[in-house]
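Protein chains in written order, with our numbering: chain A, 1 to 150; chain B, 151 to 300. Glycine is no exception: its CB is placed at the ideal position from the N, C-alpha and C atoms. Data block below; observations after.
Number of protein chains: 2
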Amino acid sequence: MIPNLTDAELRAWQALLHAHHDVTSKLEMELREEHGLSLGDYDVLLRLARAPGRRLRMTDLATRVMMSPSGLTRVVDRLVLDGLVRRERFDGDARVMLAQLTERGRSVLRRAARTHLRGIREHYTGRLNLAQLRNVTSALETITGPHEPH
Amino acid sequence: MIPNLTDAELRAWQALLHAHHDVTSKLEMELREEHGLSLGDYDVLLRLARAPGRRLRMTDLATRVMMSPSGLTRVVDRLVLDGLVRRERFDGDARVMLAQLTERGRSVLRRAARTHLRGIREHYTGRLNLAQLRNVTSALETITGPHEPH
DNA sequence: GAGCTGTACTTGCAGCCGCAAGTAGTTTGG
DNA sequence: CCAAACTACTTGCGGCTGCAAGTACAGCTC
Numbered sequence: 001m002i003p004n005l006t007d008a009e010l011r012a013w014q015a016l017l018h019a020h021h022d023v024t025s026k027l028e029m030e031l032r033e034e035h036g037l038s039l040g041d042y043d044v045l046l047r048l049a050r051a052p053g054r055r056l057r058m059t060d061l062a063t064r065v066m067m068s069p070s071g072l073t074r075v076v077d078r079l080v081l082d083g084l085v086r087r088e089r090f091d092g093d094a095r096v097m098l099a100q101l102t103e104r105g106r107s108v109l110r111r112a113a114r115t116h117l118r119g120i121r122e123h124y125t126g127r128l129n130l131a132q133l134r135n136v137t138s139a140l141e142t143i144t145g146p147h148e149p150h
Numbered sequence: 151m152i153p154n155l156t157d158a159e160l161r162a163w164q165a166l167l168h169a170h171h172d173v174t175s176k177l178e179m180e181l182r183e184e185h186g187l188s189l190g191d192y193d194v195l196l197r198l199a200r201a202p203g204r205r206l207r208m209t210d211l212a213t214r215v216m217m218s219p220s221g222l223t224r225v226v227d228r229l230v231l232d233g234l235v236r237r238e239r240f241d242g243d244a245r246v247m248l249a250q251l252t253e254r255g256r257s258v259l260r261r262a263a264r265t266h267l268r269g270i271r272e273h274y275t276g277r278l279n280l281a282q283l284r285n286v287t288s289a290l291e292t293i294t295g296p297h298e299p300h
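Below, the structure is given as structure tokens:
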């Protein structure tokens, strides 16, 4: 009845926590210092940039960035204040709000992407060889179920 | 100059974010509902339980649970209010505070551990075969550098 | 077409966190 | 010794987050 995890299982758990903490806190700090963006901000901008017309419904955006609807509302509030995102109405359903990436948002994102992608490689993927990279990805995707690239 | 990450690298990054989010949010919810503890609370109790004399200096504890000193102060505040932890002075240096696990803390931890360990297996390690488990662990430990079990 | 149910988003609120500043105590250098 | 520098912890503050409730709209049913 008492689930005695093996040492291997406990180490795997600690490793996940530690790796996530280390990598995200470094990336967060770099992004914040060099571009004034949080990881959450960056993620929102990125999803919008990838979407057709560079706009998404709030609900869809919230799902993609793994955030609650209310949490997303505040993030978008801030991005609108900074002029990186615009809110638009959706023809055909007046309840829906679209978040639309502005030109300024695009250019901020482009610059931030250099920092971010460099950081991912420096703090994460660059420390692994190709086999490790594949193994990590496939194992972590097994846990959550595979994702479309969104 | 622009670091073009490969698709494999981007997937690895998404997988880390997604897996961490999924697993921790499930574990957090279970622990909260069944025992009124957050993951952070649990981690603090666990580190204390493992320490000699079931007590640690605030600074050492903060390092182990990957939390800022101020953050740890509040967590311990709450645990003291709940009677799970006691604050003690350290003979020989009056600046130091020891967090000491109480008997009540021990028993709450023991009960919570069942939920938590079951959850880790159910949502994480149990979804991987032994090879995947070893691969994930070794790769993630490569990223952060290996840890002592503390 | 009036109400009932459901959906999309926002707001009120409270919890958690970290940084910077504050307090208290210790160590070091002259 | 005693002042300056350092260390351990706590507090003030502000930012970020999610849940539950609120608002506005859509769609369904009779």
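- Annotated three-state conformation of L39(A) is helix, per DSSP.
- An exposed status is given to G221(B), since fewer than 16 other beta-carbon atoms sit within 10 Å of its beta-carbon.
- With a 10 Å radius around the Cβ and a threshold of 16 neighbouring Cβ atoms, D157(B) comes out exposed.
- Collapsing the DSSP output to three states places L211(B) in a helix.
- At a cut-off of 8 Å between beta carbons, E184(B) makes no contact with chain A.
- Residue contact check for Y274(B) against chain A: a CB pair falls below 8 Å.
- Within the same chain, Cβ atoms closer than 8 Å to the Cβ of T102(A) are found at G83, L84, V85 and R86, the five residues on either side in sequence being excluded.
- Among the residues facing chain A, D191(B) is not included, as its CB has no counterpart in that chain under 8 Å away.
- One finds L267, I270, R271 and T275 in chain B with Cβ atoms closer than 8 Å to the Cβ of L5(A), taken in chain order.
- Taking C-beta separations shorter than 8 Å and ignoring five residues to either side along the sequence, the partners of T125(A) in its chain run L133, following chain order.
- Taking 8 Å as the upper bound for CB-CB distance, V65(A) and R54(A) are not in contact here, some 15 Å apart.
- With contacts defined by Cβ atoms closer than 8 Å, M97(A) and M58(A) form a contacting pair.
- Each of L211(B), S175(B), S257(B) and N279(B) was checked against the Cα of G269(B), and the nearest Cα belongs to S175(B).
- Taking all protein chains shown into account, G145(A) has fewer than 16 neighbouring C-beta atoms within 10 Å of its C-beta and is therefore exposed.
- Straight-line measurement puts the Cα of L259(B) at about 13 Å from the Cα of R182(B).
- If you keep only unbroken beta strand (DSSP E) runs of at least 3 residues inside the segment 86-127 of chain A, you get 97-101.
- The three-state reading of DSSP puts L5(A) in coil, since its state is none of H, G, I, E or B.
- Where D232(B) is concerned, there is no enclosing alpha helix (DSSP H), because DSSP gives it neither an H nor an E.
- By alpha-carbon distance to V80(A), the top candidate from G92(A), A19(A), G105(A) and D43(A) is G105(A).
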